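In the working numbering, the protein residues as written are 1369 to 1431.
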């Protein structure tokens, strides 16, 4: 059975979802502020990982 693929993009997607769920369920202002502060960085990481994935996907076509 093949092993599930993991990588920065998959991890960033999971973390992004975690921040969204935390923000939705936050009852304390401090937790909501933390989610609002950290989630944008996670989204940047996700965009970076997606760009790297797209870049590496074209390599076999160019080579």
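Heads up, the beta-carbon is just placed ideally off N, CA and C, and yes, glycines get one too.
If you're wondering where the values come from, they're calculated on a predicted model, not measured in any experiment.
{"query": "Three-way DSSP call (helix, strand, coil) for residue 1378 in this model", "result": "helix"}
{"query": "Expected contact under 8 Å - CB spacing of residue 1410 and residue 1391 to nearest Å", "result": "Their Cβ separation, rounded to whole angstroms, is 12 Å, which puts residue 1410 and residue 1391 out of contact at 8 Å."}
{"query": "Within 9 Å, strictly: CB atoms of residue 1421 and residue 1384", "result": "no"}
{"query": "DSSP-derived helix/strand/coil call for residue 1396", "result": "coil"}
{"query": "Assigned exposure category for residue 1416 - 16 Cβ within 10 Å defines buried", "result": "exposed"}
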